[in-house]
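First comes the structure, then the notes that go with it.
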Amino acid sequence: MEINFSVPDYLQRLLVSSQKGMEGIAQELADILSIPILIADPLLNQIVSAWDKEGTKIEYIETAINGLNQEVQEPVSCVISAGEELIKGVCMEIHVDGRVRGYVIAVNDRSRFPLELKEILQFASMLCSKELQNTLKMKQEKQKLREVFLYDLLYGNIKKREDIISYGQIWGWDFQLAHTAVVFSLKDFDYFSDDRHLIDLLFYMIEKAMLDRRQRPISIRKRGEIILMYPSSPEGGTDHHSEIKDFVYLIMYLSKSHHLSERIAAGIGRRRMMPEEIHRSYQEAKVAYELGLLLNISVPFFSSLGLERILYNHDLHDLKEYYEHTLGELEKYDLDHESDLMSSLSVFAANQFDLTKTAEGMYVHRNTLRYRFKKIEEILGEKLDDMNVRLNIIAALKIKQLGKI
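For what it's worth, full-length UniProt numbering labels the leading residue of the sequence shown as 1, then goes sequentially.
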């Protein structure tokens with residue numbers, strides 16, 4: 001008995017169109033369904049459009065229920081804006097290696113969809129998945145060569161300036177400009193969790209933001225952190241400082257929609273004019289990152305950290321000894337008498353030893369504070385109006401704040 005199978009015409013048409021990449025798939029799908037088609041990345045940025053309207057933006061995509069766990073993907077609803085108009089649509093996730101890598105979107109500017117829409121979108125999604133898979137493989141091969149160079153650059157393994165400039169030109173990077181290392185990291189990064197996907201998402205976000213600024217991103221992933229070398233002209237000055245700060249805040253803002261903003265921390269090194277010194281900026285950025293976490297600074301610049309950066313890398317035994325010599329007796333007194341003179345001294349130091357400001361900040365009468373500081377002077381055997389004593393107290397309090405004791 002002879003069995004005949006008929007392949008739907010749309011399958012053949014989409015398969016042929018896939019030879020022209022995702023642009024070909026989107027255009028053919030639009031012709032088959034007679035409706036506009038968009039293809040977006042995971043951040044809802046349009047990467048392909050088969051729609052003659054300008055100024056379109058994907059506003060919202062519904063989360064697929066058990067999306068990655070379903071054997072057969074189901075379409076979900078979405079909303080697209082075109083100027084003042086909001087238009088509904090249906091979209092299908094594009095999966096590669098068990099992750100959502102994008103979306104195929106059919107724009108619903110009419111009351112009904114064709115009956116075969118689900119099957120057509122599923123097939124188009126599968127073709128886009130294969131296309132993305134091939135693109136990712138090619139990128140990964142190029143990425144390996146790029147990563148080897150960037151690792152050598154960040155760890156100071158390339159000594160000759162001419163070599164760095166020459167290698168950089170392969171990827172379109174100009175190392176004749178000054179660069180600043182910026183470290184982004186996910187707090188409490190867990191390699192064996194979904195954090196690996198989140199760090200990929202953050203990496204993509206950073207690279208996209210740089211490209212939007214017409215800058216070729218010089219960036220690399222390193223487990224739970226991303227290192228970006230931010231370029232500037234030699235006369236960048238304070239404008240460069242503000243530019244980097246704005247960029248870090250932009251990344252934190254963009255990450256809100258993915259519930260990442262509370263987990264992102266950053267650190268910024270000093271600007272280096274010579275490419276062979278970029279590795280120093282990277283080491284500084286890591287110190288700024290660590291100190292930012294300790295001191296609760298959202299965008300810490302190494303150049304803005306004074307005493308903190310000196311104490312951070314100092315010998316731990318010396319720091320403990322210094323603290324004990326300066327404030328050990330006061331801490332012991334508080335412990336024995338269940339008092340809190342140390343807290344009053346900390347606020348006094350934070351207010352540049354100004355009695356009036358301290359009283360206002362603590363909502364305490366000046367005379368009460370005078371009594372407390374007189375007592376502190378008796379315990380320490382030092383006068384609090386002595387400049388050297390004040391410097392010692394500030395340093396000791398910084399040691400405690402940095403968690404070195």
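Note that the Cβ used here is the ideal one computed from N, Cα and C, for glycine as well.
If you're wondering where the values come from, they're calculated on a predicted model, not measured in any experiment.
When DSSP labels each residue in this structure, what does E147 get in the three-state scheme?
-> Taken through DSSP and simplified to helix, strand or coil, E147 comes out as helix.
Determine the contact status of L177 and P231, defining contact as a CB-CB distance below 9 Å.
-> Here L177 is near P231, since their CB atoms are less than 9 Å apart.
Do R89 and I39 have their C-beta atoms closer together than 9 Å?
-> It is worth fixing the name first, because residue 89 is Gly in this sequence and not Arg. No, the pair does not count as a contact, with Cβ atoms beyond the cut-off.
Helix, strand or coil for Y323, going by three-state DSSP, please let me know.
-> In the three-state reduction of the DSSP assignment, Y323 falls in the helix class.
Tell me where the alpha helix (DSSP H) around S281 begins and ends.
-> Start and end: 278-295.
Let me know the alpha helix (DSSP H) ranges lying completely inside the segment 333-395, each 4 residues or longer, listed in chain order.
-> Counting only unbroken stretches of 4 or more residues, the alpha helix (DSSP H) elements lying wholly within the segment 333-395 are 341-350, 355-362, 366-380, in sequence order.
Relative to the C-alpha of V100, which residue among D200, V16, W51 is closest?
-> Selected option, being the one with the closest Cα: D200.
Would you mind working out which of N351, L33, Q19, M252 sits nearest Y10, comparing C-alpha positions?
-> Of the listed residues, the one whose Cα sits closest to Y10 is L33.
Can you tell me which of the three DSSP states I226 falls into?
-> I226 falls in the strand class under three-state DSSP.
Counted within 10 angstroms of its Cβ, other Cβ atoms place H365 as buried (16 or more) or exposed | Around the C-beta of H365, fewer than 16 other C-beta atoms lie within 10 Å, and the residue is accordingly described as exposed.
For L121 versus V96, is the C-beta distance shorter than 9 Å?
-> No. Outside cutoff.
Beta-bridge pairing of Q46 - partner residues as DSSP gives them | Within the DSSP secondary-structure output, Q46 pairs in a beta bridge with A40.
Closest Cα partner of I226 within the set G168, Y289, R213 | Nearest option by C-alpha distance: Y289.
Cβ-based neighbour list, N66, same chain, cut-off 7 Å, excluding 5 preceding and 5 following | Because the pLDDT at N66 is just 49, under 50, the model does not fix this residue reliably, and the value given afterwards should be weighed accordingly. The answer is none, since no qualifying residue turns up.
C-beta atoms of I165 and P275 nearer than 9 Å = It is a contact, given that the beta carbons lie within the stated cut-off.
Buried versus exposed call for G83 [16 or more other C-beta atoms within 10 Å across all chains shown] | Counting other Cβ atoms within 10 Å of its Cβ, G83 stays below 16 and is therefore classed as exposed.
When L150, N351, Y312 are compared against I278, the one with the closest alpha-carbon | Nearest option by C-alpha distance: L150.
Report buried or exposed for K159, applying the criterion of at least 16 other Cβ atoms within 10 angstroms of its Cβ.
-> Note on K159: under 16 other CB atoms within 10 angstroms of its CB, so exposed under the neighbour-count rule.
Going straight from the alpha carbon of H197 to that of H258, what length do you get?
-> Counting only the Cα atoms, H258 lies some 12 Å from H197.
Which residue from I58, Q143, I244 puts its Cα closest to that of S298?
-> Of I58, Q143, I244, the smallest CA-CA separation from S298 is found for I244.
Work out the CA separation of S185 and I376 for me, nearest whole Å.
-> Near 42 Å, if we compare the C-alpha coordinates of S185 and I376.
Where DSSP assigns a beta bridge to V107, which residues make up the other side?
-> Note: V107 sits in a beta bridge opposite G89.
Near F189, which residues of its chain fall below 6 Å by C-beta distance, leaving aside the five closest residues on each side in sequence?
-> Once the five neighbours on either side are set aside, the close Cβ partners of F189 are D195, G224.
Could you tell me if S255 is buried or exposed, where buried requires 16 or more neighbouring beta carbons within 10 angstroms of its beta carbon?
-> Buried.
Anyone know if the C-beta pair for D385 and F353 falls short of 9 Å?
-> Result yes, Cβ atoms of D385 and F353 sit closer than 9 Å.
For S261 versus Y253, is the C-beta spacing smaller than 9 Å?
-> Taking 9 Å as the Cβ cut-off, S261 and Y253 qualify as a contacting pair.
Keeping to the same chain, check which residues put their C-beta closer than 8 Å to that of Q211; ignore five residues upstream and five downstream.
-> One point to set straight first is that residue 211 is Leu, not Gln, in the sequence displayed. If we look at L211 and ignore the five residues flanking it on each side, its Cβ neighbours are P217.
Sequence-distant residues of the same chain with beta carbon closer than 6 Å to Y167, five excluded per side = The residues are F149.
Using the Cα positions of L397 and G306, report the straight-line distance between them to the nearest angstrom.
-> Distance between the alpha carbons of L397 and G306: 14 Å.
Euclidean distance between Cα positions of L228 and M138 = Going from the Cα of L228 to the Cα of M138 covers about 22 Å.
Put F184 into one of helix, strand or coil per three-state DSSP.
-> Here F184 sits in strand by DSSP.
Leaving out five residues before and five after E59 in sequence, what residues of the same chain have Cβ atoms less than 6 Å from its Cβ?
-> Closer than 6 Å at Cβ, skipping near neighbours: V79, S81.
Whole angstroms is fine: what's the gap from I25's alpha carbon to I105's?
-> About 12 Å.
Can you give the beta carbon distance from L293 to A265, rounded, assuming they're within the 8 Å contact cut?
-> L293 to A265, Cβ: 6 Å. Contact.
Rank L127, M126, E85, G98 by C-alpha distance to the C-alpha of V107 and give the top, closest one.
-> When C-alpha distances from V107 are compared across L127, M126, E85, G98, the shortest belongs to E85.
Where do the ends of the alpha helix (DSSP H) carrying I164 lie?
-> 161-170 is the extent of the alpha helix (DSSP H) around I164.
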